[in-house]
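Everything on this sheet refers to the single structure shown next.
Chains as they are written, first to last, in my numbering: chain A, 52 to 441; chain B, 850 to 1741.
Spelled out as C-alpha cells, the structure:
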C-alpha cells in the first residue's frame, strides 16, 4: 500500500508541476534577458519611481504572456503589499467603452471596499476612475491595468492603434517567443524528474529519473518529440503533451515509458477528416466520390439533385450493387453535412429544402484518396473511380 | 467603535510620558516676554519678533475683517465673497486637465462647507456624507464628555471606551481645559441659561490676540492644558545645550537630536556653519554605543524646553487655523485642523520620519483663541528645503486620516487656493445638492457609524462610491497604512531623475518652441476678452498628435489667469472639454452648463438654459457677465450626423451678447471644410496650425527637460530627435524614446553590473546603443522575430505562401492549393508531409498571430489565406534559417 501511495504521489506531483506556471517558467527567469525580469523591472519602477508606463506583451498563443504577467504581479504583491491594485479587463468581455468603465469602477470598489452601484452612468464612472487614480497616486498606490486580449480593444494591437492613442501609448514592447528546442528539452527534463530527497523513497526516485533519462535519450522519443514541436513549439503546446503523457503513466509500475509519450502524441495530433471518413458508410463514400467527379468536370455548383444524377450515372455505367433509394441517399447526404465533410455554400436559404441548396466538398481529393485506401471494405469501384481522375 | 481615532492620537503612553515630564518641571514661572532671538545657523534672523502690541490688551481686530452683525447681512456678504471666488474657481478649471478633478475638488470644498456650516447649524456637523465629519463629530462628543467633568454640564457622556474615560479623568484632575472643545460646551451652558444660540458671530480673517497676529491659514501652537506649572513658559529663544544661555551668538542645530549649540561652545569651536548635515558630539558618541548624557544645567537653573521640543514630545499641539470668529459673548474662537506628530499616529514613528515631521489630519475642532500660543510654520517639502532658520519650522508632506489611520500625500493644489474662500464659494450649490443629506437620519447614520467598526461602515445604506450623488463616497478610505520607506529614503540616481523628468505626466517649467503660437493664442484670447462685444470669436487649432496644441492653450490660460489675479485683465471663466471623454456628443451641453453653473441637468435642459444665456442674453447671476472661454479638445468627435451640436456651439459666439469664445482643437487640417457650409463659415475663419516639430525643436524640448541632469550623450538625444522628426514629429514619441533609453540603461546598470560599484555610484551614460534599442523597440514591428521563431512547419507554410505568390502573382490562395505546394516542397526536400489536418492547424496558428490573414479553419480546403506582411519580409526572416537551409531557394 505504501508503495502504491508514493506512486500516486509522484503522479500528482508531476501533474501539479505541469499545471503550475510558476514551476514551468521559473528556470527561464534568472537571466536578465528574460521577459520576467524585464517586466518586473518596468512594473516595479512604476511602483517605486512613479513612472507611468504602458507595456504591450506580444506573442503567439500559449507563449506564456499571461503566465509571466501573473507571476510578476504575484511577486510584486508580495514585495510591495498594499501598494498595488490590479484591474483586469478582457477584450472579449469589455471591448465596449461603457461596459469597460463600469467594470473598472466595480473592481476599484472591490479593491478598496467601497460600495459599488450598477446604476452609475458613463460619466460618473469615468470621473470616479479619475478621482480614484488621483487618490491612489497620493496614497502611493499603483494601479496595474491588465487588458487581456488587447487587440479586441484596438483594431489591431500595436500596428493600427488610433493615432491619438498611439501618440499616448508609451510603446514598451515585450515579445514572447516560443522556447528553442534546447529550452524545451530542459523544461521537459526539469518537469519530469522527481526530487531525490526524503519526499520519495530514494530507490524509487532514482529509478524513476533514470527511466526518464532513458526515454529522453531514446531515438524514437526524440523523433516523436521533434515531430510534435514541428507543429507548434509554444510552451503551452509542450505542456499539453507532457500532461497527456503523464496521465497515461501506469500507476502499477509507477514509471513513465516511451509508449506513454507515443499515446499522448497520437491522442493530441488527430486527423479529424480522415477519422471521419473511416466512420462513413459505403453510400456516403459514394456521394463524396460523386461530388469529387462533378468537381473534376468543373461543375462548380452542385446540389443534392445533381449529385443524385451523377450517382445514377455511375450506377448505370458500372452496374454497382450498392444502389439505394433516394430518401436513403438524402439521409446519408445530411449525415455528411452534419460531419462537415460537405457544406452549403450559401449561409442563408433556410426556407428552401436541403435538396436544392448548393453544396461543396470540404475534403481535398488527396485526403479522400487516402481515406478510401485506409477504408477496409471500400468497394473496388470507388478506387477505380478515384484513380481514373487522379 | 472599538478604536476611536483620537484615542490613538492621545495614547496612554503619551499621558504617562507627559506626567513624568510634568513632575520634573518646577512650579510657576511667568510667561517670558519675547527677547531678542539669537541667530540660529548663520542665516537665521529674528523670526519671532512680534508686533509690540500691549499683551494685556486682549484683542485688536484688524480692519480687513468682515463683520456680520446678523444672519441676513452675513449671507449677503458671503455671497459677495462667493462671487469673487467663483471667477477664481472657474479659472481653476484651467489647471485641471480632466473633469474628474473638478469633482474631487468639490468634494473637498464640501467638507469645508460643512465646517463653515457647523457654526451655524450644529446638527449639520454630523453629516455622514462629509468625509471628515465622523471623526470630528465624535471628537466633539468626547470633548463634551471631558468637559462635563470639569464644567459640570449636564450632558450625557458618550463614552465609547471605558478605559479611555478613565485616562481622561486622570488628566482632568490636573484640569485639562484648553483642549476642550469650547464651542459645544459653551453652547450647552448657554442652552441652560437662555436656550438661544448666540446670534452674533463675527468672522475675521485676521485677528491680533494677545500680541500675536493670526490669520486664517496660519499654523499655530496650541496649549494642551491649562498650565499651572513651570512649563507655562513659552521661550522664544532656545538655549545652548552647553552653556545654557541664549546669547546673540550663532547657534547650530544637530540634525539628529535637534539640540542647539553655540558655535563657540563646541569643542573644538566652529567658525562657520558647515555645509550639509551636522551631528553633535553627543549623538555621535551615542551612535557608536557609548552612553553619554547632556551636561546638566547649573544649579537653580532649569533647562527651558522650547515649544518645538514640547510639541515633539506631545506636550503641545500644532494646528492650522481654518476660520476665526467672535462669539456673541465676546470670546474669540477659531476652527482648527490638528497636526499630529508621528508618535501620535497608529503606527507610531517610522524610521523614515524626519525629526521635524508633522502630519496634517482631517480632525477639526473649535477652540478658543486663548489656547493659542503663537505661530509655528508647517511647510511643504519644497518650502522646508529652502527654510534654514527658526526653530518653529516643521515639515509636512502627508495627511493622516484619523479615522482610517491611513496616510496620503498632500495634493499640491491644496496650497494654491485658500480653503476658506472655497468653502464659501460653493455653499449655495452644495446646499441645494445636499439638502437631502443634511437630514436627521444622516445624523443617525453618523452616530451608528461611529459605533461600527471600520469594515462594517460600508454596510448596506452607505452610498455607492461611484455614483456622483454620493460624491464618490468613501474616497477618504484610500490611503496607505504605512508610508513605504523606500519612497522617503530613496535617493534618486541621475538616470532616475532623468526618467522622472521625461515622463509625459511631468509638467516642464518652460515650454520651448511654441512661442509664436502661444503669442497668437494669447493675443486672440486677450482681444476677445477685452472686446466688449466678443463677436464671433472662434479659433480652430489643428496639428498632428503630440505637437503641443492642448499644452500651449493651457499654458496660455495659466499665464492669463495670473494676469487676472494681478488685475490687468478682466476676469473670465474657462471651461475645458475633451470630446473623447464625452459619452455622447450631446453631453457637451450638460458639461458646459455644469462647469458654468454647477448644476447637473439633462442635456436637453442644459441646451435650453445655455441658449437662454448665450442667444437671448438672459443673465442669471452676476458671474454670467464674464466672458466665457470654451476649449474643446478633439473637436472632430462632436460631429454628429446632422452636425447640430457643432452648429449650436459655434453659433453662440456669433450672437450679440454671448461673450463666448470657442477654441477648438483637432488633428485634421480640413475639418471645417468637411463640415456643412453653415458650420465651416462659422468656424473656419481663424485658424492656427501646429506643425510637426523638426529635429532641432525636439532636441531643444528634450534638453530643456534634462537641464542639469547629465546622463544623456549629446548625440543620443540628437539621434532620437532626428529619428522622430523623420517619422512623425511627435514630441511625446521623442520623450518616450529617451525615457525608454534611460530605462534600458538603468536596467543594464542595475541588472548586469549589480555587483560592481558602477551601479552604486549611479553613474553611466545613456548611450547611443540604448537609444537605438529604444527606437528599435518602438518602431520596428516584431513580425520578423515572430517569423524567425516560428515552428518548423510554420516556416515551411510561410515559404510555400511566398512561393505560391511568386508563381501565380496572386496574393490570395486557398488552403487546398497551399497544401499542394507544401507537399511538393516537402517531397522534393526530403521532409515528411504532415498531413492536411495538421497543416490546417499550422495555418490557423499563423493566422492567430496575424502573420497570415486567414478565414476560419472550418472552411478547410476552401479557406482563403493571405500574407499579412510583404513577401520580402518573410524572405528576409527565413532566408538564413539554420534548421531549414533549403527554404532559401524558394525565397528568391
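All residues carry an ideal CB built from backbone N, CA and C; glycine is no exception.
Partners in chain B for residue i, counting only beta-carbon separations shorter than 9 Å
i	result
residue 389 of chain A	In chain order: nothing, as chain B lies at least about 13 Å away.
residue 112 of chain A	1694, 1697 and 1698
residue 414 of chain A	1685, 1709 and 1710
residue 160 of chain A	1313, 1314, 1315 and 1323
Cut-off 7 Å between Cβ atoms - residues of its own chain near residue i, not counting five sequence neighbours on either side
i	result
residue 244 of chain A	260 and 263
residue 1184 of chain B	964, 1171, 1172, 1213 and 1215
Under 7 Å from the C-beta of residue i: neighbouring residues of chain A
i	result
residue 1438 of chain B	Correct list: empty, because the minimum Cβ distance to chain A is about 13 Å.
residue 1638 of chain B	228 and 229
residue 1627 of chain B	222
residue 1579 of chain B	218
residue 1345 of chain B	100
Sequence-distant residues of the same chain with beta carbon closer than 8 Å to residue i, five excluded per side
i	result
residue 319 of chain A	279, 291, 292 and 295
Beta carbon proximity, residue i to chain B, threshold 8 Å
i	result
residue 146 of chain A	no
residue 118 of chain A	no
residue 323 of chain A	yes
residue 314 of chain A	no
residue 228 of chain A	yes
residue 251 of chain A	no
residue 426 of chain A	no
residue 422 of chain A	no
residue 281 of chain A	yes
residue 102 of chain A	yes
residue 99 of chain A	yes
residue 179 of chain A	yes
residue 259 of chain A	no
Residue-level contact to chain A via CB, residue i, 8 Å cutoff
i	result
residue 1665 of chain B	yes
residue 1090 of chain B	no
residue 1329 of chain B	yes
residue 1352 of chain B	yes
residue 1450 of chain B	no
residue 1582 of chain B	yes
residue 1256 of chain B	yes
residue 1600 of chain B	yes
residue 1551 of chain B	no
residue 1719 of chain B	no
Spatial neighbours of residue i in its chain, beta-carbon cut-off 6 Å, leaving aside the 5 residues before and after
i	result
residue 1202 of chain B	1191
residue 158 of chain A	138
residue 229 of chain A	114, 284 and 285
Per-residue contacts from residue i into chain B (C-beta, under 7 Å)
i	result
residue 80 of chain A	Within 7 Å Cβ-Cβ: nothing; residue 80 of chain A doesn't reach chain B, min ~12 Å.
residue 133 of chain A	1329 and 1330
Neighbouring residues, chain B, relative to residue i (Cβ below 8 Å)
i	result
residue 176 of chain A	1315
residue 173 of chain A	1432
Partners in chain A for residue i, counting only beta-carbon separations shorter than 8 Å
i	result
residue 1516 of chain B	214 and 215
Proximal residues of chain A, C-beta to C-beta of residue i below 9 Å
i	result
residue 1635 of chain B	109, 110, 111, 226 and 228
For residue i: DSSP bridge partner residues
i	result
residue 260 of chain A	BP columns for residue 260 of chain A are empty, so no partner.
residue 1166 of chain B	B:1071
residue 1535 of chain B	B:1388
residue 410 of chain A	A:353 and A:395
residue 103 of chain A	Beta-bridge pairing links residue 103 of chain A to no other residue.
residue 1329 of chain B	B:1256
Unbroken stretches of the beta strand (DSSP E), 3 residues or longer, contained in the stretch 1600-1664 of chain B: Entirely contained in the stretch 1600-1664 of chain B, the beta strand (DSSP E) runs reaching 3 residues are, in chain order, 1661-1663.
Those runs of the beta strand (DSSP E) which lie wholly inside the stretch 142-187 of chain A and span at least 3 residues: For the stretch 142-187 of chain A, not a single whole beta strand (DSSP E) run of length 3 or above is found.
Runs of beta strand (DSSP E) wholly within the stretch 348-377 of chain A (minimum 3 residues, chain order): Given a length threshold of 3 residues, the stretch 348-377 of chain A has no whole run of the beta strand (DSSP E) inside it.
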